[in-house]
Amino acid sequence: MRSAQPLAFLSPGNDLQWKYLTEHDPKFEGQKKLKIEGKELVSMPMRVFGMEGLHVLEMSPERESGLRYRMQLIPREISHLRNLTLLYMDSNSLKEIPAEIGTLGNLERLTLSNNSLTSLPPEIGGLEKLHSLHLANNHFTELPAPACGQGLCQSGSWPAALSMLGE
Numbered sequence: 001m002r003s004a005q006p007l008a009f010l011s012p013g014n015d016l017q018w019k020y021l022t023e024h025d026p027k028f029e030g031q032k033k034l035k036i037e038g039k040e041l042v043s044m045p046m047r048v049f050g051m052e053g054l055h056v057l058e059m060s061p062e063r064e065s066g067l068r069y070r071m072q073l074i075p076r077e078i079s080h081l082r083n084l085t086l087l088y089m090d091s092n093s094l095k096e097i098p099a100e101i102g103t104l105g106n107l108e109r110l111t112l113s114n115n116s117l118t119s120l121p122p123e124i125g126g127l128e129k130l131h132s133l134h135l136a137n138n139h140f141t142e143l144p145a146p147a148c149g150q151g152l153c154q155s156g157s158w159p160a161a162l163s164m165l166g167e
């Protein structure tokens with residue numbers, strides 16, 4: 001079962017269409033999932049932060065599309081989504097992650113690959129349930145110490161990130 005509702009707001013001057021998609025997905029059995037798509041996606045709709053029961057938030061374009069969203073930051077209001085377990089933010093243009101990400105105590109998986117990140121906030125080190133962190137194809141100048149403190153440096157997700165060091 002899949003339903004889509006266009007959001008009620010558009011960016012002025014852009015041909016922007018965001019969609020909320022709710023779907024029954026066996027991978028996320030019993031979890032509330034939200035996927036936001038849009039060819040010109042540059043920011044998160046503030047209305048998302050009122051969805052406190054949300055478990056999965058996906059704001060990444062489909063790999064096959066070759067698209068890259070232009071969103072440069074995750075708003076601090078991300079801290080309102082305390083039940084979030086999975087956050088997919090790859091292939092955006094993120095330059096930094098807010099410290100408030102550290103308040104998402106239920107977060108288990110965070111995908112930030114294919115962005116423009118150079119560092120991570122130390123607060124990520126406090127995410128005790130985080131067991132999967134994807135950071136490939138960013139612009140790190142040093143290993144993100146918070147992730148290494150959790151043993152995520154040995155998880156196999158580092159080779160591409162390490163190849164970016166010193167370039």
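Once you know that position 152 of the sequence shown is 152 in the UniProt record's numbering, the rest is easy, because the numbers rise by one and skip nothing.
We put the beta carbon where it would ideally sit given N, CA and C, even for glycine.
By DSSP's assignment, V56 forms a beta bridge with K33, L86. Between the alpha carbons of H139 and L117 lies a gap of roughly 5 Å. Residue state for R109 is assigned as strand, using DSSP reduced to three classes. Rounded to whole angstroms, the gap between the alpha carbons of K129 and T103 is 12 Å. A residue is called buried when at least 16 other Cβ atoms come within 10 angstroms of its Cβ; E37 meets this threshold and is buried. The distance from the Cβ of L54 to that of K32 is about 5 Å, consistent with a contact at the 8 Å cut-off. Counting of Cβ neighbours within 10 angstroms places S60 among the buried residues, the total reaching 16 or more.
T141 sits exposed, since fewer than 16 C-beta atoms from the chains shown fall within 10 Å of its C-beta. Taking each of L133, L57, N115 in turn and checking the Cα distance to M71, the smallest one comes out for N115. Within the same chain, Cβ atoms closer than 7 Å to the Cβ of L84 are found at L54, H55, L57, L104, N106, L107, the five residues on either side in sequence being excluded.
Nearest to I101 by alpha-carbon distance, out of L133, L87, L135, S79, is S79.
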